[in-house]
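In the working numbering, the protein residues as written are 78 to 413. Each remark here refers to the structure printed beneath this line.
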C-alpha cells in the first residue's frame with residue numbers, strides 16, 4: 078500500500094500568473110497525482126483568473142483544491158499614488174481560503190485591489206485586510222514579503238512588529254511564517270530571521286517552494302517567459318531573472334530533505350490543507366432577488382420600471398419601443 082505523501086505545496090503559480098507562472102493546470106494535476114500529494118494550492122499573483130479551471134481539474138483527479146492568491150500589499154493606503162513609478166514597493170502576502178467565507182473575502186480583496194488599489198499592481202492594504210480577513214489563512218510569502226524585507230534591511234524589531242500585526246488580523250493560529258530554500262544567500266538570512274520571529278512570538282512555520290514551473294528542466298523556458306514579460310532577451314546579462322533553477326514542483330521527499338531541521342514546517346502544510354475546505358457548486362442556477370412593493374405583481378412592477386426608464390431616457394416618443402416590446406415578450410415566453 079502506498080504511503081500517503083507528507084507534504085502539500087501551498088505557494089504555487091499557474092500559467093494564470095501571466096508571463097511568470099509556467100504551470101499548466103492539467104499538467105500540474107497530473108504531476109501532483111503522480112507524486113501522491115492529496116492537495117495543492119493555487120496562489121497566482123494578484124488575480125483569481127485560474128480558480129475555476131484549477132478547482133475543476135483538481136476535483137477530476139481526486140485532489141483537494143486549495144484556493145488562494147499571492148496578493149500585493151501597498152506600503153500604506155492602497156489609494157495612495159506616488160510619482161516614483163513601478164519601483165514603489167508592493168509587498169507580497171499569500172492568502173488561502175479555508176471556507177466559503179474565506180473564499181468570498183478573497184474575492185472581495187482581489188476585486189478591491191483592482192478597482193481601488195491598482196498602481197502598476199493590484200494592491201490591498203492593511204485596513205482592507207482587517208475588514209475581510211475572516212476565513213483566510215495568511216502566509217508571510219517570499220523574499221518580497223513584508224517581514225522578509227524588514228529582515229533583509231537588518232531590522233528584526235520591525236519584522237517582529239509586522240508579524241505581530243498580521244497575527245492580530247488573522248489570529249495567531251491563522252498566520253504562518255513561510256520558509257523557502259532555493260539556495261539563495263538572502264533566503265538564508267531571511268530564514269534565520271523568521272526562525273527567530275517564530276521563537277519569540279510562537280507563530281508557526283510552514284515550508285513552501287514558490288513553484289513557478291513543474292520540472293527543474295523547465296527553468297530555461299521560464300527564463301524566456303520572463304524575457305517576454307520584461308521586453309528583454311536571454312542574451313541580456315542585466316535582465317530580470319530568477320537566480321536559481323529551484324522554483325519547481327519538488328517531491329514531498331525533496332521538500333522533507335530540504336527542511337529536515339524543521340519538520341514542523343512540513344507537517345503544517347498537511348494541517349493547513351486539512352483546514353481548507355472550499356466547495357464550489359456549478360449546478361444550481363442562482364438568480365438575483367429584487368424586492369417588489371406590496372400589492373403589485375412582479376411582472377406589473379417590471380413593466381412600470383421599464384416604462385419609467387424609457388420616459389427618463391427618451392421622453393414621450395420612444396424610438397426603441399419595438400425593441401422594448403420584443404424583449405419583454407421574450408421574457409414572458411421563457412417564464413422569467
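Glycine residues also receive a C-beta, built at the ideal position from the N, C-alpha and C atoms.
Item                                                                                                                                                                                  : Value
So, helix, strand or coil for residue 91, using DSSP?                                                                                                                                 : strand
Are the beta-carbon atoms belonging to residue 283 and residue 324 less than 9 Å from one another?                                                                                    : no
Report the rounded CA-to-CA distance for residue 232 versus residue 225, giving the unit in angstroms.                                                                                : 10 Å
Span of the beta strand (DSSP E) holding residue 143?                                                                                                                                 : 141-150
Taking the CB atoms as reference points, tell me whether residue 227 and residue 235 lie closer together than 9 Å.                                                                    : yes
Would you identify the three-state DSSP class for residue 289, choosing helix, strand or coil?                                                                                        : coil
In its own chain, which residues sit with a C-beta less than 8 Å from the C-beta of residue 85, not counting the 5 before and 5 after it?                                             : 114, 115, 116, 117, 118, 143, 346, 347, 349 and 350
Give me the Cα-Cα distance between residue 312 and residue 229, rounded to the nearest whole angstrom.                                                                                : 30 Å
Can you tell me whether residue 348 is helix, strand or coil according to DSSP?                                                                                                       : helix
Counting only runs of 3+ residues fully inside the region 195-276, write out the beta strand (DSSP E) ranges in chain order.                                                          : 213-216 and 252-256
Please return the same chain residues whose Cβ sits closer than 8 Å to the Cβ of residue 302, not counting the five positions on each side in sequence.                               : 96, 97 and 99
For the region 187-202 against the region 267-283, do three or more pairs of beta-carbon atoms, one drawn from each stretch, fall closer than 8 Å, so that the two count as touching? : no
How about residue 170 and residue 220: are their beta carbons less than 9 Å apart?                                                                                                    : no
Any heavy atom of the ligand HEM closer than 8 Å to the beta-carbon of residue 313?                                                                                                   : No copy of the ligand HEM occurs in the structure displayed, which carries no ligand at all.
Are the beta-carbon atoms of residue 202 and residue 154 separated by less than 9 Å?                                                                                                  : yes
So the candidates are 128, 111 and 83; which of them puts its Cα closest to the Cα of residue 89?                                                                                     : 128
Within its chain, find whatever has a CB closer than 8 Å to the CB of residue 341; leave out the 5 residues flanking it on each side and keep chain order.                            : 281 and 282
Alpha carbon to alpha carbon, how far is residue 138 from residue 398?                                                                                                                : 52 Å
Quick check: residue 359 and residue 133, are their CB atoms within less than 9 Å of each other?                                                                                      : yes
In the DSSP assignment, find the unbroken beta strand (DSSP E) run with residue 102 in it and report its ends.                                                                        : Residue 102 -> not in any beta strand (DSSP E); alpha helix (DSSP H) instead, spanning 102-112.
Compare the beta carbon distance of residue 214 and residue 352 with 9 Å and say whether it is the shorter of the two.                                                                : yes
Hey, quick one: how far does the alpha helix (DSSP H) through residue 180 stretch, first residue to last?                                                                             : 177-192
Give me the Cα-Cα distance between residue 388 and residue 125, rounded to the nearest whole angstrom.                                                                                : 41 Å
Under the three-state reduction of DSSP, which class applies to residue 283: helix, strand or coil?                                                                                   : strand
Which of the three DSSP states, helix, strand or coil, is assigned to residue 311?                                                                                                    : coil
What's the call for residue 78, buried or exposed, on a 16-neighbour Cβ count within 10 Å?                                                                                            : Its pLDDT being 41, under 50, residue 78 is placed unreliably in this model, and the value from its coordinates should be taken loosely. Its Cβ having fewer than 16 others within 10 Å, residue 78 is exposed.
For residue 383, count neighbouring Cβ atoms within 10 angstroms of its own Cβ and tell me buried if that reaches 16, exposed if not.                                                 : exposed
Could you check how far apart the C-beta atoms of residue 120 and residue 146 are, in whole angstroms? I think they sit under 8 Å.                                                    : 6 Å
Would you list the residues sitting across from residue 117 in a DSSP beta bridge?                                                                                                    : 142
List the endpoints of the continuous beta strand (DSSP E) containing residue 168.                                                                                                     : 168-174
Tell whether a beta-carbon distance below 9 Å holds between residue 222 and residue 278.                                                                                              : no
Between residue 102 and the rest of its own chain, which residues show a CB-CB distance below 6 Å, the 5 nearest in sequence each way excluded?                                       : 91, 130, 131 and 134
Taking its Cβ as the centre, do 16 or more other Cβ atoms sit within 10 Å of residue 364, making it buried, or is it exposed?                                                         : exposed
Apart from the five residues just before and just after residue 305, which ones in its own chain have a Cβ nearer than 7 Å to its Cβ?                                                 : 96
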